[in-house]
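Engineer: Residue numbers (full-length UniProt numbering), protein chains in the order written: chain S, 1 to 440; chain E, 1 to 440. By construction, the Cβ of each residue, glycine as well, lies at the ideal position given by its N, Cα and C atoms. No experiment lies behind these values; they were computed from the predicted model shown. Pasting a structure below so you can have a look.
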């Protein structure tokens, strides 16, 4: 038996490319259309994907209006409202939603994910994020976003409270004994009584322990602190590695950290995001990419370049080379890298902005066979355990992947032909966590 | 055309009587079973109900373990996870969920209800509550529940922020102009910039204006302050009037307050809760009630009586008359009323506890015709605009009402035979609110 490739569909937004909504044949409201989102989820389920994965934002994207007005991200469903609806119209696919530890309460998050897990028969996953967008803070009565270290400290405590609340009830607490009128066994209920620096939460949770024990925990941990938390607590990493070598190093590092603390490295799946375009020929796939790129307005590119250079470049002449840049106190990103690139290739500002406007994700562009071969290489050389697949547009990107790439992966024996289990943990090969509060 | 009766099904918990889950033929997990809840919602829709209505709790019910262990309320879905799933499997029925203004954030509440409204094609309603259960405070890092006046002050500001966020986008903001790459018109987006005593929320909301403009606003306002807020802002009052005279007085008072501030009194529907048991004969209906009452364990009754008397009576002899009660500093409820009742009717403590354990709601127990007649009288004498119907058990209570009472109401011409509109506002005959931020 080959190692199995795990696949999640990245579905917020439904297309990762800035211009996905302008692509021929696409409905521009696809990111905000219930009938289409239902169709996409059912297509992914037909392709035996492990999960439907929703990122989230608690504010509009932080960009100037000239770019924002061209972005299809501005109106979206709350993931925790969309996923329950999708649970009702799918049967097997996992449902992972992003939930913030900075701008929400652990009792709400625990209860909501437990509800989704019960409603879906054990298919919920929580992508734990600390939320970096500074605009989000202003929507929640903060003056500024909390600092990185505070956010992480709060996230650790938040995680502890949420998982503690999930464990309030033993799995066999609910006797529902009609004859004697006993609904539950009081000995199988424990009160958390958490008192910490950020939260004081008595509990118990007013919902039974989730079907999966705990919904699957996903994270995006990339920084040193993020990797360490992931090694300790995550079961799925939504990663961002642009090369196979970088991903192998990341994979080895995270799995090494797991071994160092006595955790089974198989109990965390490393799944980098990958931007995929499938063509009947390699050339056709690249032509699709060119068409897509040509639909990105320059106003949507400049903000990315400005961020990367730490300077607002919107006043400069677009068709001349990059001028000398003033010094700045803002984060300079990897400014020098971009200056060097412009010099090396003799790019105008417009050309440089186009480069900066690219997805920023690993890209696989080619025929179904080529993409399946690449995925197999990543899997077999332990650069990953699977991918979070990002589509260039919808429904074309999803249909192409499910109808063309999935059969190739199945032929190789690295992707299921039908679901064997019924929970997201079953799909990912993850154990059901023991109850921390009930040991007997 | 007769005045139309509006009907909501009270569905959290699915049965209002303490012993509903012990009733013959009932599945004891019905309050927490997705397939059954789906079936109930579809049955209510078959009966052309205006809405499926969910109360909510942010903690276990505040009662001693001897009573709690006998309560089916302890494990329930978060309403805002259940209702989106029900939206996916129903087509017309409104979906009203309780949302707390004390333990949540206006940005989250605005976004979640807007999401449900879009997902359901305009069927969402928000039952705005301030949450009184003191146990809830302890789950959200408070030491005690905020005081009544603070809760109401916060609720008013919360409402202002939520409705302001819903108005972030003009209804025609989203151009989705693929040709020119303009997703929305920046002139049709407004930032709320709310700065108040309890909240500072910049906005805009990252979701389009709800289909209904605003989801329908429900409240339970009974106190003087509650009635006044309801008269100013509510569109549906979930009331608690035990007699037709009391309800007429309440109705006149609230509608009078609306006229006094220049609001059209038809734009708020007064809907008292009513506990219904249908029998083929009057006698059969009462026998059902007796059977149900006999299934309530004494341990489930005593806490209610203790609350009403302001004294823990669990140590007293159940089969003797009520003894002299010690004085107390706790809220005494309507202690004297209960002492007088016990004396007047010569009740033992057990018998008094049984009375205190009764639903506390208006009851209609009889044949379908009798119940329909009573409802018609309430409607036509302006004691109400409709009812929030509470079932004695499931599925029997729901099936009886839909299959037996609904046809009687239809025959009288006071209840629809099919849905004419598609939104909850359509069903209730409520106008779509104007956008406060966009006047042009």
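Near residue 352 of chain E, which residues of its chain fall below 8 Å by C-beta distance, leaving aside the five closest residues on each side in sequence?
Structural biologist: 305, 322, 338, 341 and 342.
Engineer: Is the beta carbon of residue 372 of chain S sitting closer than 9 Å to the one on residue 405 of chain S?
Structural biologist: Closer than 9 Å, so yes.
Engineer: With 16 other CB atoms within 10 Å as the buried threshold, where does residue 394 of chain S fall?
Structural biologist: Buried: at least 16 other Cβ atoms inside 10 Å.
Engineer: Any idea which residues DSSP pairs residue 128 of chain S with across the strands?
Structural biologist: Residue 128 of chain S is bridged to S:99.
Engineer: Comparing the C-beta of residue 203 of chain E with each C-beta of chain S, is any distance below 9 Å?
Structural biologist: By this cut-off, residue 203 of chain E is an interface position.
Engineer: If you reduce the DSSP assignment to three classes, tell me which class residue 135 of chain E lands in.
Structural biologist: Correct three-state label for residue 135 of chain E: helix.
Engineer: In whole angstroms, what is the alpha-carbon distance linking residue 429 of chain E and residue 290 of chain E?
Structural biologist: Rounded to the nearest angstrom, the two C-alpha atoms are 38 Å apart.
Engineer: Inspect the CB distances between the region 108-127 of chain S and the region 205-217 of chain S and report whether three or more fall short of 8 Å.
Structural biologist: Yes, the region 108-127 of chain S touches the region 205-217 of chain S.
Engineer: Could you compute how far the alpha carbon of residue 97 of chain S sits from the alpha carbon of residue 83 of chain E?
Structural biologist: Roughly 17 Å between the two C-alpha positions.
Engineer: Report back the beta-carbon spacing between residue 186 of chain E and residue 65 of chain S to the nearest angstrom; my notes put them in contact at under 8 Å.
Structural biologist: Confirmed, Cβ separation roughly 5 Å.
Engineer: Name, in chain order, the residues that DSSP records as bridge partners for residue 177 of chain E.
Structural biologist: Paired residues: E:182.
Engineer: Any chance the region 266-277 of chain E sits against the region 366-385 of chain E, with 3 or more Cβ pairs inside 8 Å?
Structural biologist: The region 266-277 of chain E vs the region 366-385 of chain E: in contact.
Engineer: Taking the DSSP output, what are the residues bridged to residue 212 of chain S?
Structural biologist: Residue 212 of chain S pairs with nothing; no bridge assigned.
Engineer: Here's the rule I'm using: 16 or more other beta-carbon atoms within 10 Å means buried, otherwise exposed. How should residue 108 of chain E be labelled?
Structural biologist: Burial call: buried.
Engineer: Less than 9 Å between CB atoms is the rule here; does residue 207 of chain E satisfy it with respect to chain S?
Structural biologist: Judged by the 9 Å Cβ criterion, residue 207 of chain E is in contact with chain S.
Engineer: What does the Cβ neighbour count give for residue 132 of chain E, buried or exposed, with the cut at 16 atoms within 10 Å?
Structural biologist: Classification for residue 132 of chain E: exposed.
Engineer: Quick one: what does DSSP say residue 34 of chain E is sitting in, helix, strand or coil?
Structural biologist: Correct three-state label for residue 34 of chain E: helix.
Engineer: Terminal residues of the continuous beta strand (DSSP E) containing residue 109 of chain E?
Structural biologist: No beta strand (DSSP E) contains residue 109 of chain E, which is instead part of the alpha helix (DSSP H) from 106-119.
Engineer: Cα separation between residue 192 of chain E and residue 232 of chain E?
Structural biologist: Using only the alpha carbons, I get a separation of about 21 Å.
Engineer: Just checking, does the region 290-301 of chain S make contact with the region 73-82 of chain S on the three C-beta pairs under 8 Å criterion?
Structural biologist: Because the criterion of three Cβ pairs below 8 Å is not met, the region 290-301 of chain S and the region 73-82 of chain S do not touch.
Engineer: Can you tell me whether residue 310 of chain E is helix, strand or coil according to DSSP?
Structural biologist: Coil at residue 310 of chain E, not helix or strand.
Engineer: Mind listing which residues of the region 122-147 of chain S have their C-beta closer than 7 Å to chain E's C-betas, in chain order?
Structural biologist: Against chain E - using a Cβ distance shorter than 7 Å - the residues of the region 122-147 of chain S are 138, 139, 140 and 141.
Engineer: Tell me whether residue 14 of chain S sits in a helix, a strand or coil according to DSSP, three-state version.
Structural biologist: If DSSP states are grouped into helix, strand and coil, residue 14 of chain S belongs with coil.
Engineer: In whole angstroms, what is the alpha-carbon distance linking residue 296 of chain S and residue 188 of chain S?
Structural biologist: One C-alpha to the other measures close to 58 Å.
Engineer: Taking Cβ-Cβ distances shorter than 8 Å, what residues in chain E pair up with residue 60 of chain S?
Structural biologist: Within 8 Å Cβ-Cβ: 204 and 206.
Engineer: On the three-state DSSP scale, how would you describe residue 282 of chain E?
Structural biologist: Reduced to three states, the DSSP call for residue 282 of chain E is helix.
Engineer: Thinking C-beta only, is residue 6 of chain S closer than 9 Å to residue 427 of chain S?
Structural biologist: It is a contact, given that the beta carbons lie within the stated cut-off.
Engineer: Note down, in chain order, every chain S residue with its Cβ under 9 Å from the Cβ of residue 82 of chain E.
Structural biologist: Here the neighbours are 84, 115 and 119.
Engineer: Which residues of chain S have a Cβ atom closer than 8 Å to the Cβ of residue 319 of chain E, listed in chain order?
Structural biologist: Those within 8 Å of residue 319 of chain E in chain S number zero; the least Cβ separation is about 20 Å.
Engineer: Using a Cβ cut-off of 7 Å, which residues of the region 389-414 of chain S contact any Cβ in chain E, in chain order?
Structural biologist: Under the 7 Å Cβ criterion, the region 389-414 of chain S contributes no residue.
Engineer: Counting only beta-carbon separations shorter than 9 Å, does residue 324 of chain S have a partner in chain E?
Structural biologist: No, residue 324 of chain S does not count as interfacial toward chain E.
Engineer: Quick one: complete beta strand (DSSP E) runs, 3+ long, within the region 37-82 of chain E?
Structural biologist: Whole beta strand (DSSP E) segments, 3+ residues: 51-54.
Engineer: So residue 28 of chain E contacts chain S; which residues on that side make the cut at Cβ distance below 7 Å?
Structural biologist: In chain order: 176 and 178.
Engineer: Give the interface partners of residue 65 of chain E over in chain S, defined as CB-CB distance under 7 Å, in chain order.
Structural biologist: Ordered by position in chain S, the residues that pass the 7 Å Cβ test against residue 65 of chain E are 186.
Engineer: Taking one C-beta from the region 170-181 of chain S and one from the region 133-153 of chain S each time, how about it: are there three or more such pairs within less than 8 Å?
Structural biologist: Flag = no, the region 170-181 of chain S and the region 133-153 of chain S do not touch.
Engineer: Could I get the ranges of all uninterrupted alpha helix (DSSP H) runs contained in the region 250-306 of chain E, with 4 residues as the minimum, in chain order?
Structural biologist: Within the region 250-306 of chain E, the complete alpha helix (DSSP H) runs of at least 4 residues are 282-294.
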